[in-house]
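Okay, structure first, notes after.
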Amino acid sequence: MAGLCEGGNEPPGSLKASKERSVFSGGKGMLFKSSDVKERAHERRSIPSRAGVEFRKHRNEQDTGADKCKINRLCRTKHYGLTSSLVRQCIMENRRFTITELSSHFPQISRSLLHEIVIKHLLFKKMCARWVPKNLTSEHKMQRLGAALIFLQRYHDDGDEFLDSIVTGDETWISHFTPETKQQSMHWRHSGSPVRTKFKQTLSVRKVVYTVFWDRKGILLIDFLPRGETVNADRYCETLRKLRSAIQNKRRGMLTAGVVLLHDNARPHMARRTAAVLTEFGWELFHHLPYSPDLSPSDFHVFLHLKKFLSSGERFGNDEELKSLSHAGSIQRR
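Each residue of the sequence shown is one higher than the last, beginning at 73 in our numbering.
As structure tokens, then:
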């Protein structure tokens with residue numbers, strides 16, 4: 073066997089002999105070296121098959137796409153600053169632009185790149201306008217500023233005596249059934265705990281008008297409007313007389329020191345008959361600004377907590393039960 077191969081005279085244990093032991097039968101008694109076998113195998117692999125042609129075609133397409141991505145990245149790096157400035161200019165001219173409208177102005181830039189420029193580079197966020205009950209004019213704003221300066225000046229001159237003389241009040245509706253708020257339904261649970269559901273509930277049709285007057289020391293008067301009546305000038309003047317009696321009984325010396333009444337500019341509050349009663353009492357009226365519900369102390373310090381106190385899911389059978397619990401809730405808050 074060794075004589076049939078070249079280098080058969082080499083010792084059997086030599087390295088050359090071990091390399092040449094590997095032979096390939098090519099048919100008709102022909103024997104080849106391992107080097108010949110490798111060459112023939114390489115020739116076989118070099119023959120392009122159909123599958124190989126398709127694979128190389130797909131690979132070339134991928135290489136071409138990668139090259140295009142590289143080119144796009146280079147162009148993006150080169151012109152990113154200029155494009156961002158142009159996009160900023162368009163947005164500043166019309167802040168209601170959408171990405172689709174921007175893409176029509178910049179057809180050479182993809183929508184994804186435009187979105188990246190607007191959100192990540194220019195740091196724009198598309199947000200809705202804030203709803204306010206009234207658009208204040210310059211005159212209204214000056215009135216608010218003037219009232220604030222007057223209040224600060226009075227407090228600077230009189231100190232706590234001025235705060236002790238302020239009496240404020242307002243009216244609101246309270247229903248026989250007040251559903252709990254979403255915040256009240258919050259509770260601690262684990263991430264795997266079952267999710268609780270809450271369905272929408274409406275306020276009860278049966279309701280009463282709740283009137284309260286208070287100062288910095290506590291509640292002075294709680295009054296309820298009888299059914300079938302409305303808050304008009306005559307009814308409000310009657311409530312002011314009840315308030316005067318309550319101040320006389322609960323705040324000794326306050327009527328002598330002087331009362332500063334703060335209420336909103338509802339029509340019964342600003343009627344001529346109401347002004348005449350306040351003049352008769354000798355009370356000072358602190359001007360409440362028009363279209364300024366945010367400056368009403370009762371809405372934030374009394375009514376908000378009273379309705380939260382009543383929203384226990386309990387349905388009251390009559391007005392007396394509702395009045396007693398409302399009175400208790402007001403006393404507890406103050």
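No residue lacks a Cβ here, since even glycine has one placed at the ideal position from N, Cα and C.
Terminal residues of the beta strand (DSSP E) in which residue i lies
i       : result
Asp-287 : 279-287
Leu-293 : 290-297
Buried or exposed (CB count within 10 angstroms, at least 16 for buried), residue i
i       : result
Ser-396 : exposed
Phe-285 : buried
Lys-100 : In this prediction, Lys-100 has a pLDDT of 44, which is less than 50 and means its spatial position is unreliable; what the coordinates show is noted afterwards. The residue is exposed, with fewer than 16 neighbouring Cβ atoms inside 10 Å.
Phe-375 : buried
Ser-176 : exposed
Thr-283 : buried
Gly-290 : exposed
Gly-354 : exposed
Phe-388 : buried
Val-267 : exposed
Glu-392 : exposed
Thr-302 : exposed
Thr-346 : buried
Asp-139 : Its pLDDT being 44, under 50, Asp-139 is placed unreliably by the model, and the measurement read from it follows with that caveat. Exposed is the call here.
His-410 : As displayed, the chain neither begins before 73 nor continues past 406, which places residue 410 out of reach and without an answer.
Thr-250 : buried
Integer Cβ distance of residue i from residue j, believed to fall under 8 angstroms
i       : j       : result
Asp-371 : Pro-362 : With a Cβ gap of about 16 angstroms, Asp-371 and Pro-362 do not count as contacting.
Val-331 : Val-239 : 6 angstroms
Thr-155 : Ile-181 : 6 angstroms
Ala-329 : Ser-237 : 6 angstroms
Leu-333 : Phe-358 : 7 angstroms
Leu-394 : Ile-246 : 7 angstroms
Leu-221 : Tyr-227 : Not a contact, Cβ separation roughly 11 angstroms.
Ala-343 : Ala-305 : 4 angstroms
Contact check, residue i vs residue j, beta carbons under 8 angstroms
i       : j       : result
Lys-322 : Leu-292 : yes
Asp-242 : His-377 : no
Val-159 : Leu-185 : no
Opening and closing residue of the alpha helix (DSSP H) in which residue i lies
i       : result
Leu-376 : 376-382
Phe-234 : 232-236
Leu-315 : 305-322
For this session: Just list the alpha helix (DSSP H) runs in the stretch 327-369, keeping only unbroken ones of 4 residues or longer that don't cross its boundaries, in chain order.
Result: 344-353
For this session: May I have a chain-ordered list of the alpha helix (DSSP H) segments no shorter than 4 residues that lie completely inside the stretch 148-199?
Result: 171-177 and 183-188
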